Amino acid sequence: MTHSYHLRSKEIAEIHTCLIIGSGPAGYTAAIYAARANLKPVLYEGMQPGGQLTTTTEVENFPGYPTGVTGTALMNDMRSQAERLGADIRSGYATAVDFSDELKLVEIGGETVIAAKAVIIATGATAKYLGLASEQKFRGMGVSACAVCDGFFYRKQTVAVVGGGDTAAEDATYLAGLAQKVYLIVRKKHLRASKAMQHKVANTPNIEILFEHEVQEVLGDEQGVSGLRLIKEGREVYTINVTGLFLAIGHHPNTKIFADELDLDETGYIITKPGSSHTNCEGVFACGDVQDPVYRQAITAAASGCIAALDVERYLC
Ligand code: NDP
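The working numbering numbers the first residue of the sequence shown as 43 and each following residue consecutively.
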């Protein structure tokens, strides 16, 4: 159930000034600013507390950490900072919303209805899969969308990463440190990743890039993945032996529960008014990856969380 009408008939458990949904850099930064503005924010952390950064290894490009920081440590720091400043951080995820009235309603965990004068959406984005039946069959048995979470299980083995962006390049280099060999399967003739990441991949001897290749089928048995059937340049079909397949082909925004309430673009991202966090619904604001198909960095998400809290402050005064 993604909607809505039934929420008005349910009992409202609590009423708050500012409710934040989601706990990546955008959500925590919004909480830090909203807490300092005395908006007494309540933040629900969602399915993956700390968001996507907790599935990342070293973050080298977040300002203020000259020697780098792990994604998990960075998120823990942001969380503690928000809590120290007075944000009420709770576990739980939003299951339905009703933004039709001045008092916004958000259902948590399919049960409790929380009302708020202003809502900040920071629900982020989730990894995409190729859409193959065999890929789904082996999810958790050799197929993963999180190299950092699952790479450890493939020490000294041969694995493949699909994708040509920064995530794929990063995952491939990370896995190369654990696995014996990593195939990087790229559907185009070139990588989309930044020059720095391309350089890193090219200089990692146990990564082999397979350009103009696509995965046709994931092969395996009850023990898990044993290989991939690939198609090269749209014609030549052959098999490689791998025990792990890591997807790094991008993300889709977590906006399902907002689809009936807010304007989304054709790929599902929340549309915000340029230069602000305002959505088409007064009192509802969006920040971070859920509204950013372009930059998608921890620092840009954090900045947009700050913008959302400032917009809420102005909206409420
Ligand atoms: P991207 O959207 O940048 O790249 C996705 C890649 O997957 C592309 O190479 C795309 O191919 C490929 N792809 C998509 N669908 C399929 C499919 N069905 N089959 C095969 N290949 C497919 O996503 P990323 O997650 O890599 O990056 C997202 C954003 O986050 C980017 O802006 C990136 O710069 C940033 N980022 C930054 C990092 C950092 O700064 N440390 C680390 C990781 C990400 P094609 O090129 O053909 O479209």
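Heads up, the beta-carbon is just placed ideally off N, CA and C, and yes, glycines get one too.
Bear in mind the structure is a predicted one, so any value in this text is a computation, not a measurement.
For V161, I'd like the list of residues in its chain whose CB is within less than 6 angstroms of its CB, leaving aside the five on either flank, ordered along the chain. These residues qualify, in order along the chain: L61, K146, V326.
Would you decide whether G110 is buried or exposed? Buried here means 16 or more other CB atoms lie within 10 Å of its CB. Its Cβ having fewer than 16 others within 10 Å, G110 is exposed.
I'd like the span of the beta strand (DSSP E) that includes H293, first residue to last. Here the beta strand (DSSP E) through H293 covers 293–295.
Can you give me the C-alpha to C-alpha distance between E144 and K159, rounded to a whole angstrom? So the two alpha carbons sit approximately 7 angstroms from each other.
Going by beta carbon distance, what residues of the same chain come within less than 7 angstroms of N248, once the five residues before and after it are set aside? Correct list, in chain order: A218, Q222, K223, V224.
Following a CB-centred definition, is I282 positioned closer than 6 angstroms to any heavy atom of the ligand NDP? Not so, every heavy atom of the ligand NDP lies at least 6 angstroms from the Cβ.
Compute every distance between the C-beta of G88 and the non-hydrogen atoms of the ligand NDP, then say whether any falls below 6 angstroms. The answer is no for G88.
For R338, which three-state DSSP category applies? Shown here, R338 sits in coil according to DSSP, grouped into three states, outside any helix or strand.
From I150 to F300, what does the alpha carbon distance come to, in whole angstroms? Between I150 and F300, the C-alpha separation is close to 14 angstroms.
Taking C-beta to C-beta, are T114 and C188 nearer than 7 angstroms? Not in contact: T114 and C188 (Cβ atoms no closer than 7 angstroms).
Residue range of the beta strand (DSSP E) that includes G113: First-last for G113: 113–126, but that is the alpha helix (DSSP H), not the beta strand (DSSP E).
In the structure shown, what three-state DSSP assignment does H320 receive? DSSP places H320 in strand when its eight states are reduced to three.
For the stretch 204–211 against the stretch 290–297, do three or more pairs of beta-carbon atoms, one drawn from each stretch, fall closer than 8 angstroms, so that the two count as touching? Flag = yes, the stretch 204–211 and the stretch 290–297 touch.
Within 8 angstroms, do at least three Cβ pairs link the stretch 258–277 to the stretch 161–181? With the cut-off at 8 angstroms, the stretch 161–181 and the stretch 258–277 touch.
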